[in-house]
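K.L.:
Handing you a structure now.
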Amino acid sequence: MTETDTSLGYEQARDELIEVVRKLEAGGTSLEDSLALWERGEELAKVCRHWLEGARARLDSALAAREAGADGGGGSGERDA
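Numbering (the working numbering), first residue to last: 1 to 81.
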């Protein structure tokens with residue numbers, strides 16, 4: 001990923017990727033332009049994947065902490081009914 005790509009937020013990268021795919025599917029571009037679009041799409045997909053992997057790690061961490069708290073018996077009493 002380039003430095004510019006790492007500064008893109010998930011939504012920005014996703015929106016640009018959607019536009020790249022739209023242009024590729026529409027056709028009418030030269031082989032060179034199509035290859036450049038494809039390469040840009042690959043970079044944008046990496047950015048999106050990076051953001052999604054980070055979100056998954058945060059969710060996994062939060063769920064693990066929640067489970068650890070529930071196992072410790074000092075929970076909020078949600079399970080007590």
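Where is the CB? At the ideal position from N, CA and C, for every residue including glycine. Computed from a prediction, not measured in an experiment: that's the story for all the values here.
Along the chain, where does the alpha helix (DSSP H) containing L101 start, and where does it finish?
P.N.:
Residue coverage of the chain in this structure runs from 1 to 81, which leaves residue 101 outside it and unanswerable.
K.L.:
When you compare the stretch 18-31 with the stretch 61-72, are there three or more beta-carbon pairs, one atom per stretch, that lie closer than 8 Å?
P.N.:
Touching, no.
K.L.:
How many angstroms separate the CA atom of S61 from the CA atom of E32?
P.N.:
Answer to the nearest angstrom: the Cα atoms are 44 Å apart.
K.L.:
Quick one: what does DSSP say L8 is sitting in, helix, strand or coil?
P.N.:
The answer is coil: DSSP assigns L8 none of H, G, I, E or B.
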